[in-house]
DNA sequence: ATAGTTATCGACTATAAGGCGAAAACTGGC
DNA sequence: GCCAGTTTTCGCCTTATAGTCGATAACTAT
């Protein structure tokens, strides 16, 4: 037996696209104009088409909101399948996690904006739970993979990277050891260049880049864990 | 628009249920008697019902093959959605990873058996890829979570635990430090009891148990990583 | 008793992390 | 130009964890 006659089974994809801006981890949401859940904020996404897999599908729907080429990372998050997650319909959602680096600023439609991932505005359906899952997945992976490359610009200073990690993780990280630890493990490579100092002066910071911009699992970075006491 | 009229969209759940037996990581498969893919081996699972989420669904279908209460762990793995993953139908699968401890031996139907997860017999559809994903997820999580509790019996010796980890990971692990490292981190707790020695003699081994049988993320266990050289 | 077997412990070495203060390299005001 | 202020980077020291090896404990079988 295939889809129930009285209540057809639909499948949609949704994407929690995250970025760090001004020290805040943000998620992309658009405001629904029409019922159901008019006025509430929703994740980008849409129905799974007959001839595509979920990865193609999420890229296709994201293209309505943002230049997909500016996404530095996209991965499956989880399936959300509560029979009542969308009132009046039976729709299973495959959620994705997308990341945008700090040095690109994708233009988005008028109904779409960026909101603090820790405190989003009222969302449609279960989209708040999906945002939480995406945020938690990012935080977990930051400490045992090199996923930071997807949030950081192509070259950056140590203190700039520290700010990105602190914003994404939601707590301050000790910057002193970050260069040493990440460099020793081969995650960071110095470019040899230096950044211009800010207007307050200070020594110019050396620029680094991620050695490997493909996702790799590493030992966890103790420097990224919360302080013990 | 809901499901395409000419090619209805179905959703199924599948479970890669793994266990360690005699030093081998095994997966539960049943042999299909009827087309399509008659004679090939398949993962347990079935269609998503109209009033259940995927977690309830996978437990319901697993109950046909095994006593679900004997599963020590069950988690979402990934969505498999290639439009041609099942010939002639459009069916999206949510795959789960299940684990069975070494000290229970669930009875299974006649068409169902356990096969080496590293080298399964010819499978139906994309079930071999799902087995690989489940195996890889287990291996990754063994080294940064306490998921070992789900494979091990309720109490065990250090060398017994070493064998389980070695079988699941596919490579030998250094046993010398395992007790010290896992105990220091609070993952293992001595029960105070000792096991009877084997027939060849030897000092009786102390029995341990996992301190916390709920899944917790820990620092990775360096003792579980492959040797450096 | 004694040889064989397995488990556990202690001592030592090596590696990595964390903290702190000094030094380096800049800006802007005087 | 000099000096105060700012930010980054480096070096040294302490602590924590991992890895190795050999010694010792606790058993079985003959």
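Chains as they are written, first to last, in my numbering: chain H, 1 to 229; chain Y, 230 to 458. Just so you know, even glycine gets a beta-carbon here, dropped at the ideal spot from N, CA and C. What you are looking at is a predicted structure, and each value in this text was computed from that prediction instead of being measured.
(request) Under 8 Å Cβ to Cβ from residue 241(Y), same chain only, skipping five residues before and after it: list those, please. (result) For the purposes of this step, residue 241(Y) is identified with residue 12 of the second chain, where counting begins at 1. Same-chain partners within the cutoff: 274, 275, 276, 277, 320, 321, 322 and 323.
(message) Between 291(Y), 413(Y) and 445(Y), which has its C-alpha nearest residue 341(Y)'s C-alpha?
(response) Indexing the second chain from 1 puts residue 341(Y) at position 112. Nearest C-alpha to residue 341(Y): 291(Y).
(message) Let's test the definition: count the other Cβ atoms within 10 Å of the Cβ of residue 365(Y) and tell me whether it reaches 16, buried, or not, exposed.
(response) For the purposes of this step, residue 365(Y) is taken as the residue at position 136 of the second chain. Exposed, since its Cβ has fewer than 16 Cβ neighbours within 10 Å.
(request) Please name the residues in the segment 346-373 of chain Y whose beta-carbon is closer than 8 Å to at least one beta-carbon of chain H, in chain order. (result) Those would be 369 and 373, in chain order.
(message) Using beta carbons (cut-off 8 Å, strictly below), is residue 78(H) in contact with chain Y?
(response) Residue 78(H) sits at position 78 when you count from the first residue of the first chain. Yes, residue 78(H) counts as interfacial toward chain Y.
(request) List the whole-angstrom C-beta distance separating residue 122(H) from residue 41(H), where the pair is believed to meet the contact cut-off of C-beta under 8 Å. (result) Looking up residue 122(H) in the first chain gives position 122. Looking up residue 41(H) in the first chain gives position 41. With a Cβ gap of about 7 Å, residue 122(H) and residue 41(H) count as contacting.
(message) Within 8 Å of any Cβ in chain H, is that where the Cβ of residue 311(Y) sits?
(response) Reading the second chain from its first residue, position 82 is the one you call residue 311(Y). Yes - at least one Cβ of chain H is within 8 Å of the one on residue 311(Y).
(request) Classify residue 243(Y) as helix, strand or coil using the three-state DSSP reduction. (result) In the second chain, counting from the first residue as 1, residue 243(Y) sits at position 14. Secondary structure at residue 243(Y): strand, using DSSP grouped into helix, strand and coil.
(message) Within 8 Å, do at least three Cβ pairs link the segment 380-394 of chain Y to the segment 245-262 of chain Y?
(response) In short, these stretches touch, since the Cβ pair count reaches three.
(request) Keeping to the same chain, check which residues put their C-beta closer than 7 Å to that of residue 211(H); ignore five residues upstream and five downstream. (result) Locating residue 211(H) in the first chain gives position 211, where the first residue counts as 1. The residues 186, 187, 188 and 189, in chain order, have a CB closer than 7 Å to that of residue 211(H) in the same chain once the five nearest residues on each side in sequence are set aside.
(request) Alpha carbon to alpha carbon, how far is residue 79(H) from residue 258(Y)? Give it in angstroms, no decimals. (result) Looking up residue 258(Y) in the second chain gives position 29. Looking up residue 79(H) in the first chain gives position 79. About 24 Å.
(request) Name, going along the chain, the residues of the segment 51-71 of chain H whose beta-carbon falls closer than 7 Å to a beta-carbon of chain Y. (result) Flagged, chain order: 51, 52, 53 and 54.
(message) Please state the DSSP three-state secondary structure of residue 73(H).
(response) Mapped onto the first chain, residue 73(H) falls at position 73. Of the three classes helix, strand and coil, the one that applies to residue 73(H) here is strand, per DSSP.
(message) Cutting at 7 Å between CB atoms, please list the residues of its own chain near residue 304(Y), excluding the five before and the five after it.
(response) Here residue 304(Y) corresponds to residue number 75 of the second chain, with the count starting at 1. The answer, listed in chain order, is 325 and 326.
(request) Please list the residues of the segment 392-425 of chain Y that have a C-beta atom closer than 7 Å to any C-beta atom in chain H, keeping them in chain order. (result) Residues passing the 7 Å Cβ filter: none.
(request) Pick helix, strand or coil for residue 439(Y), following the three-state DSSP scheme. (result) Taking the second chain and counting its residues from 1, one reaches residue 439(Y) at position 210. Shown here, residue 439(Y) sits in a strand according to DSSP, grouped into three states.
(message) For residue 319(Y), would you say it is in contact with chain H, using Cβ-to-Cβ distances shorter than 8 Å as the test?
(response) As a position in the second chain, residue 319(Y) is number 90, starting the count at 1. It does; some Cβ of chain H falls within 8 Å.
(request) Give a yes or no on whether the C-beta atoms belonging to residue 371(Y) and residue 328(Y) are separated by under 8 Å. (result) Here residue 371(Y) refers to the residue found at position 142 of the second chain. Here residue 328(Y) refers to the residue found at position 99 of the second chain. No, these two residues do not count as a Cβ contact at 8 Å.
(request) Can you give me, in chain order, the residues of the segment 244-274 of chain Y that have a beta carbon less than 9 Å from any beta carbon in chain H? (result) The segment 244-274 of chain Y vs chain H, Cβ under 9 Å: nothing.
(message) Would residue 329(Y) pass as an interface residue toward chain H - the criterion being a Cβ-Cβ separation below 8 Å?
(response) Residue 329(Y) sits at position 100 when you count from the first residue of the second chain. Cβ-Cβ to chain H under 8 Å: no for residue 329(Y).
(request) Spell out whether any CB of chain Y is found under 8 Å from the CB atom of residue 157(H). (result) Counting from one through the first chain, the residue named residue 157(H) turns up at place 157. Judged by the 8 Å Cβ criterion, residue 157(H) is not in contact with chain Y.
(message) What does the Cβ neighbour count give for residue 317(Y), buried or exposed, with the cut at 16 atoms within 10 Å?
(response) For the purposes of this step, residue 317(Y) is taken as the residue at position 88 of the second chain. Flag for residue 317(Y) reads exposed.
(request) Step through the CB atoms of chain H and report whether any lies within less than 8 Å of the CB of residue 456(Y). (result) Here residue 456(Y) refers to the residue found at position 227 when the second chain is read from its first residue. Here the model assigns residue 456(Y) a pLDDT of 42, short of 50, so the residue's position is not dependable, and the following value carries that caveat. The C-beta of residue 456(Y) comes no closer than 8 Å to any C-beta of chain H.
(request) Determine the burial state of residue 208(H): buried for a count of at least 16 other Cβ atoms within 10 Å of its Cβ, exposed for fewer. (result) Start at 1 with the first residue of the first chain, and residue 208(H) comes out as number 208. Under this definition residue 208(H) is a buried residue.
(request) Tell me whether residue 310(Y) is buried or exposed, calling it buried when 16 or more other Cβ atoms sit within 10 Å of its Cβ. (result) For the purposes of this step, residue 310(Y) is identified with residue 81 of the second chain, where counting begins at 1. Under this definition residue 310(Y) is a buried residue.
(request) Would you kindly check if the distance between the Cβ of residue 146(H) and the Cβ of residue 85(H) is under 8 Å? (result) As a working mapping, residue 85(H) is identified with position 85 in the first chain. As a working mapping, residue 146(H) is identified with position 146 in the first chain. Their beta carbons are not under 8 Å apart, which means residue 85(H) does not touch residue 146(H) by this criterion.
(request) For residue 19(H), I'd like the list of residues in its chain whose CB is within less than 6 Å of its CB, leaving aside the five on either flank, ordered along the chain. (result) On the first chain, position 19 is the one that residue 19(H) refers to. Excluding sequence neighbours, residue 19(H) sits near 26 and 100.
(message) Pull the bridge partners of residue 98(H) from the DSSP assignment, please.
(response) Position 98 of the first chain, counting from 1, holds the residue named residue 98(H). In DSSP, residue 98(H) forms a bridge with 17(H) and 74(H).
(message) Quick check: the Cα distance between residue 433(Y) and residue 357(Y), rounded to an integer number of angstroms?
(response) By one-based count along the second chain, residue 433(Y) stands at place 204. By one-based count along the second chain, residue 357(Y) stands at place 128. Within the model, the alpha-carbon separation for residue 433(Y) versus residue 357(Y) is close to 41 Å.
(request) Note the first and the last residue of the continuous alpha helix (DSSP H) segment covering residue 412(Y). (result) Taking the second chain and counting its residues from 1, the one referred to as residue 412(Y) is at position 183. Per DSSP, the continuous alpha helix (DSSP H) segment holding residue 412(Y) begins and ends at 407-413.
(request) Identify the continuous alpha helix (DSSP H) that holds residue 356(Y) and give its terminal residues. (result) What you label residue 356(Y) is simply residue 127 of the second chain in a count that begins at 1. Run containing residue 356(Y): 356-373, per the alpha helix (DSSP H) assignment.
(request) Determine, using beta carbons only, whether residue 288(Y) and residue 295(Y) come nearer to each other than 8 Å. (result) Numbered from 1 along the second chain, position 59 holds the residue referred to as residue 288(Y). Numbered from 1 along the second chain, position 66 holds the residue referred to as residue 295(Y). No, these two residues do not count as a Cβ contact at 8 Å.
(message) Under 8 Å, Cβ to Cβ, is there at least one residue of chain H near residue 344(Y)?
(response) Looking up residue 344(Y) in the second chain gives position 115. Not an interface residue.
(message) Counting C-beta neighbours from all protein chains within 10 Å, is the total for residue 36(H) 16 or more, i.e. buried, or is it exposed?
(response) The sequence position of residue 36(H) within the first chain is 36, counting from 1. Here residue 36(H) is exposed, its C-beta having fewer than 16 other C-beta atoms within 10 Å.
(message) Using a 10 Å radius around the Cβ and a threshold of 16 neighbouring Cβ atoms, would you call residue 134(H) buried or exposed?
(response) Within the first chain, residue 134(H) is the residue found at index 134, counting from 1. Result: buried.
(request) Helix, strand or coil for residue 313(Y), going by three-state DSSP, please let me know. (result) In the second chain, the residue the question calls residue 313(Y) occupies position 84. Correct three-state label for residue 313(Y): coil.
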